[in-house]
Structure formats: structure tokens, C-alpha cells
């Protein structure tokens, strides 16, 4: 009897710990979203909003590179509105390009988060920031509204391990 009771108590303990971890993740996500929201409430102008949102997400997820591209009025191109960790003067191919081109275009078309490996990250970086070779992976996050995908947030990580499930949950 004591052995069975001990097993039941252990199973209950594991279940409670699992629930606590899920709640902790939810609190972290809500805290991150709250910080973005608070920043957006006091920020004026699209560029300021873009920069503030990108800065908070990068800080929360400890990213080394970030860019925020928005779909232009024609819906045919992505244009950069905020950046961090990239050269101040980006080449034209990195500032504005067709919204159907490459892995960022696929993110716009699919509306799905995409994570590249080191090879994909280096391929993109070689075009926009050839002097950067410290990134191991890049995520492209669709920025959705009721009307569809409005843009893409690009986040680069120098960590050798993949984006954590918690990171991906915050991004979606």
C-alpha cells in the first residue's frame, strides 16, 4: 500500500510540475507581449513603432540581428522599416525586394513562421551583410492582421542550438 501511495504521489508531483512549467511559459509570453503593447501605446509613427517592437522582441529572445519588413501599398514588395545588427546602409537588394522572392517571400505567401539552418542564414547574410558570419540560424516571422500578412520580422541567433519551443511560441 505504501509503495502504491508513493507512486501516486510521485505521479501527482510530476503532473503539478508540468502544469507549473506550462504556466511559467505562459507568464513569460504574456510579459513579452505586454512589453510590446506598452511600448506601442506611447510610440508615434510607423518607424518608431517598428523599431520599438523589434527592439523588445530581440531583447526578450536575446537575438543578435533583427529586421522588420512591411509589405508596400501595392502588395508586391517588402520594404525595411526597422533593423538592428545590420549595416546602417544596406544594399538595395536588402532594403526593398519582391514579396514573392526567396524565403522571406515564402513567409509572406504562406503566413507561416520559417526557421533556416546555418547554411540558409549565411546565404541571406551574404547578400545583406557580408561581414557578418556569426549567425547560426534565422527565423522569419509573418506579421499578420485580419487582412493577411502585412510584413515579416527577421530574427538572427548566434546560438548553436535551435530556437527553443518557448521562443517559437512567443513568435507565433
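Numbering (this note's numbering), first residue to last: 5 to 176. Backbone N, C-alpha and C define an ideal beta-carbon position, used for all residues, glycine too. Since the structure is predicted, the reported quantities are computational estimates derived from the model, not experimental observations.
Legend entry - Three CB pairs or more closer than 8 angstroms across the segment 72-89 and the segment 98-108: yes
Inset, instruction - State the DSSP-derived secondary structure class of residue 144, mapped to helix, strand or coil. - result: strand
Inset, instruction - Say whether chain C places a C-beta atom closer than 8 angstroms to the C-beta of residue 61. - result: Annotation note: the requested chain C is absent from the structure, which comprises a single protein chain.
Inset, instruction - Taking residue 80 and residue 103 to be in contact with their CB atoms under 8 angstroms, please state how far apart those CB atoms are, rounded to whole angstroms. - result: 6 angstroms
Inset, instruction - Compare the beta carbon distance of residue 142 and residue 160 with 8 angstroms and say whether it is the shorter of the two. - result: yes
Inset, instruction - Below 8 angstroms CB to CB, which residues in the same chain sit around residue 176 once its five sequence neighbours on both sides are set aside? - result: 117 and 145
Inset, instruction - Below 6 angstroms CB to CB, which residues in the same chain sit around residue 29 once its five sequence neighbours on both sides are set aside? - result: 170
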